[in-house]
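> My questions all concern the structure below.
Number of protein chains: 2
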Amino acid sequence: MPGTLANESHVDVLIIGAGPAGLMCANGLSLAGVNVRIVDQRPDKVPAGQADGIQPRTIEVLQSYGLADRLLREGNQLHMAAFYNPGPSGGITRTGRAPDVTAASARYPFETTLHQGAIESIFLDSMKSRGLFVERPVAPVALEWSQDENQLQDPTSYPVTVALKNLSDETQEPRLERVHAKFVVGADGAHSWVRKTLGFAMEGEQTEFVWGVVDTIPDTDFPDIRNRCAIHSPNGSCMVIPREGDMVRLYIQLTDSQIIEAGRLNKGKINCDQLLQVARKSLKPFRIEFPNPIDWWTLYIIGQRVASKFSMHERIFIAGDACHTHSPKAGQGMNASMNDTHNLIWKLTQVLRGWSHISLLKTYEFERRKYAQDLIAFDKKFSALFSTKAQTDEDPDGVTHEQFLEAFQTFGGFTSGIGIHYAPSDIVNPEGQSAASKLIVGQRLPPQILLRAADCRPFEIQDLIPADTRFKILIFAGNTNDTQQQKRLFTLADQLGGDGGILIKLAGAAYGSVFDIISVSNSSKEDVNYTDLPAIFRTHWSKVFTDAQEVAGLRGGMAYKSYGISKDGAVVIVRPDGYIGKVTGIENVNSINQYFSSFMIMQSAMTLHDS
Amino acid sequence: MPGTLANESHVDVLIIGAGPAGLMCANGLSLAGVNVRIVDQRPDKVPAGQADGIQPRTIEVLQSYGLADRLLREGNQLHMAAFYNPGPSGGITRTGRAPDVTAASARYPFETTLHQGAIESIFLDSMKSRGLFVERPVAPVALEWSQDENQLQDPTSYPVTVALKNLSDETQEPRLERVHAKFVVGADGAHSWVRKTLGFAMEGEQTEFVWGVVDTIPDTDFPDIRNRCAIHSPNGSCMVIPREGDMVRLYIQLTDSQIIEAGRLNKGKINCDQLLQVARKSLKPFRIEFPNPIDWWTLYIIGQRVASKFSMHERIFIAGDACHTHSPKAGQGMNASMNDTHNLIWKLTQVLRGWSHISLLKTYEFERRKYAQDLIAFDKKFSALFSTKAQTDEDPDGVTHEQFLEAFQTFGGFTSGIGIHYAPSDIVNPEGQSAASKLIVGQRLPPQILLRAADCRPFEIQDLIPADTRFKILIFAGNTNDTQQQKRLFTLADQLGGDGGILIKLAGAAYGSVFDIISVSNSSKEDVNYTDLPAIFRTHWSKVFTDAQEVAGLRGGMAYKSYGISKDGAVVIVRPDGYIGKVTGIENVNSINQYFSSFMIMQSAMTLHDS
């Protein structure tokens, strides 16, 4: 390797790049107690601008790490979208308003906007509380990996070596550090050095659509300045995205084709004042002025590409913008990035702890590359719609308000992130699905309010399944006041946690660190006794819930119905990332065994081997 | 005054006693920027035990100071009450469960339990953020006040002098400080030195009921250990109050009349083990054991008394246990105390700022002494019910489950604090009430979800009226898309905030520091434009709301209906403590003028006088 005075070190996971994907990864791994380092070549985090939209599903994910409260406190919320089209007298007129989010099951039925630097701070502060900091400015200069199959299959080996250079002492002879890592995550952006070094190609194309973006606090009489607006004006298309405080982001379509020269943007052709002038014209007859400083502005061409591979030997991964680029129109960028590493965190942790086979990591590319491809397909339709002219008398082929609104709402499951559906694999097993006929294996567990049996306090079920790297085994226990049902539950309890039970075989006596068991009765709140359940289903009084309506209030009592679970009950296995992995009846214990055995390492077998 | 080396100092408000009443007062005054000091003779805050129940209304009040989040995070919630009575086979059996809180309009329909020390910490940390600390151990040793009527009527004078002694240097010659105060608040507990020095008598009596209290973590198969339980057992009455963590408080009735000797408790007659033995017997056939340390325990006789006066010349006030003692059975103690000073904070601030006449302070005793008397009357009925034996075959005169449950629910408005209703006075003016026929002038503004007009984000109306010492003027504007209604609104805006408008006369051009104006349209969320309102009703885009249902969700859209406001609109004036002071139609501006003029000082008159 180049350079002198190379220091050697070892780490379980080295993350390259401290944007949203890298920080999500570093925070999640450190929360799980994994030995992790994160480096970034930039001297500081993003000060302004960049990505800013957090989708409903991403808020749920952040909540599963205990980070949503701060996001919700600091961010702006988009509940309503307004649609403007050419009016009869030349300017624009409001054609209608519609919900900004159309995903019925969203726990947070709105988008949140907050500048990328503030979102990064949420992760940075969480990491800081555990002593983890981003090392910067530090860049990778070399990346090597073993081809030895035995080494690659051994999760305790360090088959990857990265040479890191500290950029803060440019004038001196560069000091290099050789880091030996079990795993490397390249979250180093659209121009990813890791991706290029691995030789993965970006597949896809670039459009001809050019947009300008400006963040500022405007002065206006436009009544929808705090709603998301899609404006099809005779003077060009425009999008309004209100931000935290009084800030507003304007996306402004540029029709001057001279801005693109030989497939690249010529930024010298237009300045920010000209962008604002276009915005002024687009909003007429409303008045919009820009008396305040411009916080950030840029130009971009929409490019839609996905990397050919996301992983090298399940030892080096790429995530975030390094894997996929697309238009910012539907606000997907930062969301897709954070959800990439959310998918990876628990899998790396399971393998590093020796709980799961290293092959589990194959599901990262399998799940996230397919998602990225779907995202690009969606983005093509969606951004074309935004970039097309509105229908007018002169332009009868333009898009109508009805077409636009229909598309906007059809795409709701996608734009919200709620509809993400992972295809069948070892960790997504749709067999036996009928026991909870309205849950979709491969999708995230939808929200429901349950009452805690011991004290009738309401809880959101999503808050019971935090991203703590444990699989959650939800025992929908049926009527726990019924003696026959109690017998079935005691049998299940014995098969799971009794002598030679499945959980004991899988994870040993301390299986509580691998699995979290939560029980949900459907007895009435007046009759339920948490003391009626088998001991392993109530390791603490707070682990038993009932599906009943609040003591004072209207929420709750819909879990069995909306999940499609009968009075016989069901077992629902939720992956550590909140996605449903398996559903089965409470008498079908073998299928639980088969599910976990397909990717987990039997601890009882290991003990046998060790002795 | 006694002692040597007396230092002299001046302060606007001196608070004596740093329990819940004193800390609420100190925190509220410091939040308002008032020059305040607080002293306490104890060397540290309460470590365990004592009061622990926070009622629904008190949670609303804490929320108005921004303090409820932490309470809710740290505290335990009581949603359900369970009732046990003698069963057929000798032990107890559950007769039923019922909501713990029966106040329909409660925003937080549950009680919260948390030990007094943790509640005090919430105030202490809030005060600390503004540099205010409790001076301790510091005791008052002398209290003098001026009898000069001119001085008493001048809000800028210091008519009270308190000699303070620092108890931390007992061995030395006592160092005294002579503090000259504009106002003194004695929040120094049931044995109040301030009250005794003022010569105010405690009026009322003591009962013969003796109870023991124990805080510990029990080991039990009793299924309602996390609910509030009223247990009428053949072996004596018992109450279960679950607390934070796994802690439980048990109230145990003692029937051994020898514990009272000459009207005083003889604590030597019973120890904690004997108390626990009574609890074990009362809960049979359920098992309850006490393997963990006892956090706190005590014995008490129920005494029910109210001080003859709460104020000396509106310059020295007493608050909290210094004014009223009663049984802890309905968990009122700490709540009544904090609400005493919540009532006083804004009045002191208004007078100190020169906004209101000093006579405003008369309403403190007027409102809070009547409340204390009502509390005692309620407590007599309620605690007698708890101390009476259950009806059994041997004891046919005992109280039945039905009688008990009916009383429990009838008292809901009182036990929850939601029903507090201040009688008419300068600041509670029920004339014109019909414009909002279902609001009750003198009660707190009931919760409602509104949508913010500019972005359809839902807000709880109570969060729009924080305890920031400003009067809130709620303009229920009707249909703001209607041109006729707009005209009426522009007229109102002119009469309030135009040249020579009422608010200008009352408070000058910067009336926004005295009054906060919030507008509530009832246009649909699809049509409402915040830009349609007069400028003074939308000093920022975030000040306009509409009464509509959430974009995604079922809350909202009920404010006009549940407040009894017609499409013509109404003006609702909410006092700085959240209680409704006045309701009127939007064309009846004179009545707004009359309301404020009855206790506020016209700033335009002052300016005239100054010039």
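Heads up: the protein sequence lines correspond to chains A and B, in order. Just so we're aligned: the first sequence equals residues 1 to 611 in UniProt numbering. Just so we're aligned: the second sequence equals residues 1 to 611 in UniProt numbering. Ideal Cβ placement from N, Cα and C applies to all residues, glycine included.
Give the interface partners of residue 541 of chain B over in chain A, defined as CB-CB distance under 9 Å, in chain order.
Near residue 541 of chain B (Cβ distances below 9 Å), the residues of chain A are 225, 226, 246.
> Check each candidate in B/356, B/352, B/347 and name the one with the smallest Cα separation from residue 616 of chain B.
Chain B is shown only over 1 to 611; residue 616 of chain B falls outside these bounds and no answer can be derived.
> Distance check for residue 19 of chain A and residue 140 of chain A, CA to CA, integer angstroms please.
Near 16 Å, if we compare the C-alpha coordinates of residue 19 of chain A and residue 140 of chain A.
> The stretch 456-469 of chain A: which residues have C-beta closer than 9 Å to a C-beta of chain E, in chain order?
Of the protein chains in the structure, A and B, none is chain E.
> Determine whether the beta carbon atoms of residue 450 of chain A and residue 568 of chain A lie at a separation below 8 Å.
Their beta carbons are not under 8 Å apart, which means residue 450 of chain A does not touch residue 568 of chain A by this criterion.
> Residue ranges of each alpha helix (DSSP H) run of no fewer than 4 residues wholly in the stretch 31-112 of chain B, ordered along the chain?
Complete alpha helix (DSSP H) runs here, min 4: 56-64, 68-74.
> Using the rule of at least 16 other Cβ atoms within 10 Å of the residue's Cβ for burial, across every protein chain shown, is residue 264 of chain A buried or exposed?
It is exposed - the Cβ of residue 264 of chain A has fewer than 16 other Cβ atoms within 10 Å.
> Between the Cα of residue 10 of chain A and those of A/156, A/349, A/44, A/196, spot the shortest distance and give me the residue it belongs to.
Residue 10 of chain A has its Cα closest to that of A/156, out of A/156, A/349, A/44, A/196.
> I want to see whether chain B comes within less than 8 Å of residue 97 of chain A, judged by CB atoms only; does it?
Answer yes: the Cβ-Cβ gap between residue 97 of chain A and chain B drops below 8 Å somewhere.
> List in chain order: all unbroken alpha helix (DSSP H) runs of 4+ residues lying wholly within the stretch 567-611 of chain B.
Listed in chain order, the complete alpha helix (DSSP H) runs (minimum 4 residues) inside the stretch 567-611 of chain B are 589-597, 603-610.
> Closer than 8 Å by beta-carbon distance: list the chain A residues that pair up with residue 80 of chain B, in chain order.
By Cβ distance, chain A contributes 455, 456, 525, 551.
> Could you check whether the Cβ of residue 77 of chain A sits closer than 8 Å to any Cβ belonging to chain B?
Yes - at least one Cβ of chain B is within 8 Å of the one on residue 77 of chain A.
> Looking at chain B, is there any beta carbon in it that lies within less than 8 Å of the beta carbon of residue 483 of chain A?
No, its Cβ sits nowhere closer than 8 Å to a Cβ of chain B.
> Taking buried to mean at least 16 other C-beta atoms within 10 Å of its own C-beta, is residue 215 of chain A buried or exposed?
Buried, since its Cβ has 16 or more Cβ neighbours within 10 Å.
> Taking the alpha helix (DSSP H) that residue 510 of chain A belongs to, which residues open and close that run?
No alpha helix (DSSP H) contains residue 510 of chain A, which DSSP labels as neither H nor E.
> Going along chain A, which residues have a C-beta under 9 Å from residue 240 of chain B?
Residues of chain A passing the Cβ test: none, with the nearest at roughly 11 Å.
> Taking residue 177 of chain A as part of the beta strand (DSSP E), name the residues at either end of that continuous run.
Here the beta strand (DSSP E) through residue 177 of chain A covers 175-186.
> Let me make sure I understand the geometry here. Which of A/552, A/584, A/594, A/561 has the alpha-carbon closest to that of residue 77 of chain B?
The residue with the shortest Cα to Cα distance from residue 77 of chain B is A/552.
> Smallest Cα separation from residue 283 of chain B: which of B/522, B/237, B/383, B/241?
Ranking the options by Cα distance to residue 283 of chain B, first place goes to B/237.
> Spell out the partners DSSP gives residue 324 of chain A in its beta bridges.
According to DSSP, residue 324 of chain A bridges with A/306.
> Could you check if residue 333 of chain A is buried or exposed, using at least 16 other CB atoms within 10 Å of its CB as the buried criterion?
Result: buried.
> Using three-state DSSP, classify residue 492 of chain B as helix, strand or coil.
Residue 492 of chain B falls in the helix class under three-state DSSP.
> Give the DSSP bridge partners of residue 235 of chain A, in chain order.
In DSSP, residue 235 of chain A forms no bridge with anything.
> For residue 209 of chain A, which of A/251, A/229, A/228, A/225 has the nearest alpha-carbon?
Nearest option by C-alpha distance: A/251.
> Counting contacts by CB-CB distance shorter than 8 Å, is residue 530 of chain B in contact with chain A?
With 8 Å as the cut-off, residue 530 of chain B counts as an interface residue toward chain A.
> Which residue spans inside the stretch 327-366 of chain B form an unbroken alpha helix (DSSP H) run of at least 4?
Runs of the alpha helix (DSSP H) inside the stretch 327-366 of chain B: 333-352.
> Of all the CB atoms in chain B, is at least one closer than 8 Å to the CB of residue 13 of chain A?
False, the Cβ-Cβ gap to chain B never drops below 8 Å.
> Look up residue 448 of chain B in the DSSP assignment and say whether it is helix, strand or coil.
Three-state DSSP puts residue 448 of chain B in coil, outside helix and strand.
> Considering only C-alpha positions, which residue in the set A/89, A/118, A/67 is nearest to residue 46 of chain A?
For residue 46 of chain A, the nearest C-alpha among the options comes from A/118.
> For residue 288 of chain A versus residue 246 of chain A, is the C-beta distance shorter than 8 Å?
For residue 288 of chain A and residue 246 of chain A, no; Cβs fall outside 8 Å.
> So residue 520 of chain B contacts chain A; which residues on that side make the cut at Cβ distance below 7 Å?
Residues of chain A passing the Cβ test: none, with the nearest at roughly 17 Å.
> Enumerate in chain order the residues of its own chain whose CB-to-CB distance from residue 490 of chain A is below 7 Å, with the five nearest sequence positions on each side excluded.
Excluding residues within five positions, the ones whose Cβ falls inside 7 Å are 534.
> Suppose only complete runs of 4+ residues qualify. What are the alpha helix (DSSP H) ranges in the stretch 407-486 of chain A, listed by chain order?
DSSP runs (the alpha helix (DSSP H)) wholly in the stretch 407-486 of chain A: 412-415.
> Any beta carbon from chain A within less than 8 Å of residue 291 of chain B's own beta carbon?
No, no contact with chain A.
> Which class does residue 531 of chain A belong to by DSSP, given the choice of helix, strand or coil?
Helix, per DSSP.
> Tell me whether the stretch 369-384 of chain A and the stretch 295-304 of chain A touch, counting them as touching only if at least three CB pairs, one residue from each stretch, are closer than 8 Å.
The answer is yes - the stretch 295-304 of chain A touches the stretch 369-384 of chain A, with three or more Cβ pairs under 8 Å.
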